[in-house]
Amino acid sequence: MFHVIEELKVVTSLIFLIYISMLDVKYREVDLKVWFIFGIMAATLNLAEFVISNISLDFILKLAISALSALSIGGLAYYLDLFGGADFFAILTLAIMHPWHPFKPLFELKLSLPFILSVLVNSLISSLIIPLMNIVRNLSHLSLMFKLRAPRRYKIAYMFLGFPVTIEKYLEMKFTYPLIIYKEAQNGELETTYRLSFSIVEEHYEHQDVLRKLVERGLLRYGDVIWVTQGIPLLVFITFGYIISLVFGDVILCLLLTHVLKVPAC
Numbered sequence: 458m459f460h461v462i463e464e465l466k467v468v469t470s471l472i473f474l475i476y477i478s479m480l481d482v483k484y485r486e487v488d489l490k491v492w493f494i495f496g497i498m499a500a501t502l503n504l505a506e507f508v509i510s511n512i513s514l515d516f517i518l519k520l521a522i523s524a525l526s527a528l529s530i531g532g533l534a535y536y537l538d539l540f541g542g543a544d545f546f547a548i549l550t551l552a553i554m555h556p557w558h559p560f561k562p563l564f565e566l567k568l569s570l571p572f573i574l575s576v577l578v579n580s581l582i583s584s585l586i587i588p589l590m591n592i593v594r595n596l597s598h599l600s601l602m603f604k605l606r607a608p609r610r611y612k613i614a615y616m617f618l619g620f621p622v623t624i625e626k627y628l629e630m631k632f633t634y635p636l637i638i639y640k641e642a643q644n645g646e647l648e649t650t651y652r653l654s655f656s657i658v659e660e661h662y663e664h665q666d667v668l669r670k671l672v673e674r675g676l677l678r679y680g681d682v683i684w685v686t687q688g689i690p691l692l693v694f695i696t697f698g699y700i701i702s703l704v705f706g707d708v709i710l711c712l713l714l715t716h717v718l719k720v721p722a723c
């Protein structure tokens, strides 16, 4: 019966993760009711597992460690504007749903860690595909990078973090944020500020309104090129990390520790 409940947990988590990933891609937000339902189901399945399988206090200890790990890491990421509220709730709910690995994975550390840590590591690694895609795309835009009047460190960072588009094209984009901020100074001239990130509370349409007004005032043109970065739908990568962890476990950490650092950790 224990294995049946674990399988139900996995199926439930996959259904919710796929659903919220679709919402994240389309709207970049998830209704709180979704997390309430997901959390209730996680608590119910855990209670059933505890009662039916007659698990000892070890279950409660592992659940507490898993939840505290998610609260501390997710809370810190949220405080630093690295996570949105939906990302934090996803991590916390998964930590409650899976205090330990539901199945024996292909790769497993000798030191047993909460399953949610494996999910977080694999999510982070899978999200690196974004900067890799950016640099491949930007190889055909090197001339635009060299023309950019920004400090060298910004030019290098922009190759990984963003890509160039015309203002006209940017005005049609969603969930995309400028890495170059323009504003009109008191003397009527154009001020330029370079940055490497954006706040999670920013709205793309507010930046678009500013650029549209600057074009109307003749300070910029629709054909001018700016560098932008996309808001990453992190729930998609959390879903990828969850699936990778289910099948392969701590594959990234095992390969890193065993083959790179030469530590027999797996």
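The opening position of the sequence shown corresponds to residue 458 in the numbering used here, with each subsequent residue numbered one higher.
The beta-carbon is built from N, C-alpha and C at its ideal position, and this holds for glycine as well.
Source: prediction; values computed, not measured.
Item                                                                                                      : Value
Nearest-angstrom Cα separation, counted from residue 534 out to residue 540                               : 5 Å
Proximity of residue 632 and residue 688 at Cβ, strictly below 8 Å                                        : yes
Alpha-carbon to alpha-carbon, residue 574 and residue 700                                                 : 13 Å
Rounded separation between residue 658 and residue 635 - CA only                                          : 14 Å
Short Cβ contact (8 Å threshold) for residue 572 with residue 492                                         : no
Secondary structure of residue 531, DSSP reduced to three states                                          : helix
Beta-carbon spacing of residue 638, residue 679 below 8 Å                                                 : no
Local conformation of residue 564 per DSSP, three classes                                                 : strand
Neighbourhood of residue 601 by C-beta, 8 Å cutoff - its chain only, sequence neighbours within 5 removed : 621, 682
For residue 544 and residue 524, the rounded distance between their alpha carbons                         : 15 Å
Contact the stretch 555-574 vs the stretch 588-599: 3+ CB pairs below 8 Å                                 : no
Under the three-state DSSP convention, the category residue 698 falls into                                : helix
Straight-line Cα distance separating residue 674 from residue 531                                         : 43 Å
Element boundaries [alpha helix (DSSP H), containing residue 501]                                         : 489-509
Cβ-Cβ distance between residue 467 and residue 564 below 8 Å                                              : no
Given residue 489 as reference, the closest of 518, 465, 550 once Cα atoms are compared                   : 550
First and last residue of the uninterrupted alpha helix (DSSP H) at residue 670                           : 661-673
Three-state secondary structure (DSSP) of residue 640                                                     : strand
Cβ-Cβ separation, residue 693 to residue 481 (assumed contact under 8 Å), whole Å                         : 6 Å
Short Cβ contact (8 Å threshold) for residue 462 with residue 505                                         : yes
Alpha-carbon spacing of residue 498 relative to residue 578, whole angstroms                              : 25 Å
Cα-Cα separation, residue 582 to residue 668                                                              : 34 Å
Euclidean distance between Cα positions of residue 723 and residue 522                                    : 21 Å
DSSP three-state assignment for residue 682, whether helix, strand or coil                                : strand
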